[in-house]
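In terms of the numbering used here, the sequence shown opens at residue 1 and continues consecutively.
Accompanying notes for the structure given below.
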Amino acid sequence: HEADAYRTDLMTITRFVLNEQSKYPDSRGDFTILLSNIVLGCKFVCSAVNKAGLAKLIGLAGETNIQGEEQKKLDVLSNDVFVKAFVSSGRTSVLVSEEDEEATFVESSQRGKYCVVFDPLDGSSNIDCGVSIGTIFGIYTMNHNNEPTTEDVLKPGNEMVAAGYCMYGSSCMLVLSSGTGVHGFTLDPSLGEFILTHPDIKIPTKGNIYSVNEGNAQNWDGPTTKYVERCKYPKDGSPAKSLRYVGSMVADVHRTLLYGGIFLYPADKKSPNGKLRVLYEVFPMAFLMEQAGGQAFTGKKRALDLVPEKIHERSPIFLGSYDDVEEIKALYATEE
Ligand code: AHG
Ligand code: MN
Ligand code: MN
Ligand code: MN
């Protein structure tokens, strides 16, 4: 009836994080402040994405980034917004962005205890055709008070304290974990608030969707080829899996998290380390998958145990439902 239409126990992302923070009496609210700046950045990008076509925000910016990719206007705009939001938060010391060749070291008067690695706009190739795109971020803490260096972000993913993504799709959803489960918040544009809509997300232990760019099949290695064959021509009489591939990691991972199944960007002959970047794509999504009861594997080891040596390093990645990833692990184990 009428009363149900209006939820009055509005759990906004800020209140949710404050509740979490109250469990740590000595916390000074730094994470809450950092998060509120991430939220600000996501709201800005959401608004820019929604009017990109109208506000002449589609198309190329005329620059090329360290990845050798032509930067889109929204890549550059989103990057500027997040860098400024993090620096002005006064809670960060080192920033690594997909769009910046070098790490950003915050000047001493504005330094804080967090280091943020982020992909300001993920799925750029989908901007101009209006298909879902996103922002991905991972958070480390500084464990010293000396000058910050890249060593402060060249840490294994198992040292991340929080990670999340925002997906700019039919709705704007921010999915976040700070180590106690995964929680999804949907932006209510009429309030300008992210409201808790998906508390404690758990990924199904097995799914019937596989998500990979089959266009790379001729360059795959044995185990990946065998696994994808099994998805399409199951030996044990089970139904074939469905293929779903958006081409924006945030959209493919979000669907995998909610529906189950597996997302893979394997190594191939052309790119032996695959395509996805360790710090700001592989680690945050692996962190979330494990927090949701799934797992993430590189073909050799648990993704979060990787120790990056360069800030834009890449790795193959197989992530999603626990049982589905187990199958890939078994195939790579026999290959050794
Ligand atoms: P980005 O737009 O941030 O550079 O990331 C693009 C990535 C990722 O979003 C997606 O999973 C992958 O590129 C798709 O690559 P292919 O087009 O090679 O399948
Ligand atoms: Mn890119
Ligand atoms: Mn990306
Ligand atoms: Mn990107």
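Just so it is clear, CB atoms sit at the ideal spot from N, CA and C, and this is done for glycine as well.
- Message: For the alpha helix (DSSP H) containing ASP122, name the first residue and the last one.
- Response: Numbered from 1 along the sequence shown, position 122 holds the residue referred to as residue 122. Counting along the chain, ASP122 falls outside any alpha helix (DSSP H), though it belongs to the beta strand (DSSP E) covering 111-122.
- Query: What three-state label does DSSP hand VAL81 in the structure shown?
  - Reply: The residue you call residue 81 lines up with position 81 of the sequence shown. Correct three-state label for VAL81: helix.
- Beta-carbon gap between LEU202 and ASP324 smaller than 8 Å: Here residue 202 refers to the residue found at position 202 when the sequence shown is read from its first residue. Here residue 324 refers to the residue found at position 324 when the sequence shown is read from its first residue. Reading off the sequence shown, one finds Lys at residue 202, where the question assumed Leu. No, the pair does not count as a contact, with Cβ atoms beyond the cut-off.
- Return the CA-CA distance between VAL185 and TYR259, expressed in angstroms with no decimal places. Along the sequence shown, read from residue 1 onward, the residue named residue 185 stands at position 185. Along the sequence shown, read from residue 1 onward, the residue named residue 259 stands at position 259. First, the amino acid is wrong: residue 185 is Phe here, not Val. Approximately 17 Å, taken between the alpha carbons.
- Leaving out the 5 sequence neighbours to the left and right, which residues in its chain are closer than 6 Å to LEU196 when beta-carbon positions are compared? The count along the sequence shown starts at 1 and reaches residue 196 at position 196. The residues are MET11, PHE16, PHE185.
- Return the CA-CA distance between TYR114 and LEU40, expressed in angstroms with no decimal places. Position 114 of the sequence shown, counted from the start, is the residue given in the question as residue 114. Position 40 of the sequence shown, counted from the start, is the residue given in the question as residue 40. Rounded to the nearest angstrom, the two C-alpha atoms are 17 Å apart.
- Which whole-angstrom value is the C-beta distance of ALA163 and PHE287, which I expect to be below 8 Å? The count along the sequence shown starts at 1 and reaches residue 163 at position 163. The count along the sequence shown starts at 1 and reaches residue 287 at position 287. The Cβ separation is near 4 Å, so the contact holds.
- Would you list the residues sitting across from VAL248 in a DSSP beta bridge? If you number the sequence shown from 1, residue 248 lands on position 248. The sequence given here has Ser at residue 248, not Val. BP columns for SER248 are empty, so no partner.
- Run the proximity test for MET249: is its beta-carbon closer than 7 Å to any non-hydrogen atom belonging to ligand 1? Position 249 of the sequence shown, counted from the start, is the residue given in the question as residue 249. Because some heavy atom of ligand 1 lies under 7 Å away, the Cβ of MET249 counts as near it: yes.
- Sheet register partners of GLU70 (DSSP bridge): Numbered from its first residue, the sequence shown carries residue 70 at position 70. In the DSSP output, where bridge partners are listed per residue, GLU70 has THR64.
- Any heavy atom of ligand 2 within less than 7 Å of residue CB: hits in chain order: ASN65, GLN67, GLU69, ASP75, GLU98, SER124
- Message: Going by DSSP in three states, GLU193 sits in which element: helix, strand or coil?
- Response: As a first step, residue 193 is located in the sequence shown; it is residue number 193 there, counting from the start. It is a strand residue.
- Take every Cβ of the stretch 156-173, pair it with every Cβ of the stretch 131-139, and state whether three or more of those distances are shorter than 8 Å. yes
- Would you mind sorting ASP122 into buried or exposed? The rule is 16 or more other CB atoms within 10 Å of its CB. As a working mapping, residue 122 is identified with position 122 in the sequence shown. With 16 or more other Cβ atoms within 10 Å, it is buried.
- Message: Counting C-beta neighbours from all protein chains within 10 Å, is the total for ARG28 16 or more, i.e. buried, or is it exposed?
- Response: Within the sequence shown, the letter at position 28 stands for residue 28. Counting Cβ neighbours within 10 Å, ARG28 comes out exposed, since fewer than 16 surround it.
- Can the beta-carbon of SER321 be found less than 8 Å from the beta-carbon of GLY247? Taking the first residue of the sequence shown as 1, we reach residue 321 at position 321. Taking the first residue of the sequence shown as 1, we reach residue 247 at position 247. Not a contact, by the Cβ cut-off of 8 Å.
- Quick one: Cα of GLY299 to Cα of ILE328, how far? As a first step, residue 299 is located in the sequence shown; it is residue number 299 there, counting from the start. As a first step, residue 328 is located in the sequence shown; it is residue number 328 there, counting from the start. So the two alpha carbons sit approximately 8 Å from each other.
- Message: Buried or exposed for SER170, going by 16 or more other Cβ atoms inside 10 Å?
- Response: Along the sequence shown, read from residue 1 onward, the residue named residue 170 stands at position 170. Label assigned to SER170: exposed.
- Message: Based on DSSP bridge pairs, tell me the residues matched to SER97.
- Response: On the sequence shown, residue 97 is found 97 positions in, with the first residue counted as 1. According to DSSP, SER97 bridges with PHE118.
- Message: Taking 6 Å as the limit between beta carbons, can you name the residues of its chain near VAL182, skipping five residues before and five after?
- Response: Along the sequence shown, one-based indexing puts residue 182 at 182. Hits under 6 Å: ILE201, LEU288, GLN291, ALA292.
- Query: Under the three-state reduction of DSSP, which class applies to TYR6: helix, strand or coil?
  - Reply: In the sequence shown, the residue the question calls residue 6 occupies position 6. Looking at TYR6 - three-state DSSP - the assignment turns out to be coil, as it is neither helix nor strand.
- Query: Which of helix, strand or coil does DSSP assign to ILE328?
  - Reply: Here residue 328 refers to the residue found at position 328 of the sequence shown. ILE328: helix per DSSP, three-state reduction.
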